[in-house]
Structure formats: structure tokens, C-alpha cells
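Here is the structure we will look at, set down as C-alpha cells.
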Amino acid sequence: MADILRECEEHRIPFKPGGHLDPEKLVQSNIFKAMSTMNVLSSIGVNPSGFSKLLCS
34 MADILRECEE HRIPFKPGGH LDPEKLVQSN IFKAMSTMNV LSSIGVNPSG
84 FSKLLCS
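Start counting the sequence shown at 34; every next residue gets the next number (the working numbering).
Structure, rendered in C-alpha cells:
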């Protein structure tokens with residue numbers, strides 16, 4: 034069990050004491066990652082509402 038928890042910690046999956054997932058920290062982490070990804074995509078000119086119709090056809 035310790036090996037599994039160690040692997041989860043390496044992938045930054047938050048756990049509460051006792052081995053339960055910490056949903057609040059998990060959601061906050063996912064929000065931060067999504068915002069960071071959107072900032073990178075925006076900086077290279079990707080349309081925030083999706084790809085242009087020319088690229089989709």
C-alpha cells in the first residue's frame with residue numbers, strides 16, 4: 034500500500050491523513066493546471082473558444 038501512495042504522491046494526487054483522497058485540493062490543483070494550460074495556449078494564439086473553422090475542416 035505504501036508503494037501505491039508513494040506513486041500517487043509523485044503524480045501530485047493529494048491524500049488526507051488516513052489514505053483518503055482530498056477532493057478540495059484535487060479540484061484546486063486541476064483548476065490551476067487548466068488555467069496554466071489556457072494561458073500557454075492563449076500566448077501562442079489559440080482561440081479560447083476552440084479552433085478556427087479553417088483548421089477543423
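All residues carry an ideal CB built from backbone N, CA and C; glycine is no exception. Treat the numbers as computed from the prediction; the structure is a model and nothing was measured.
- According to the DSSP assignment, residue 63 belongs to the alpha helix (DSSP H) that extends over 56 to 76.
- Listed in chain order, the non-local C-beta contacts of residue 62 below 8 Å within the same chain comprise 45, 47, local neighbours out to five positions each way being set aside.
- Just so you know, the alpha carbons of residue 69 and residue 75 end up roughly 10 Å apart.
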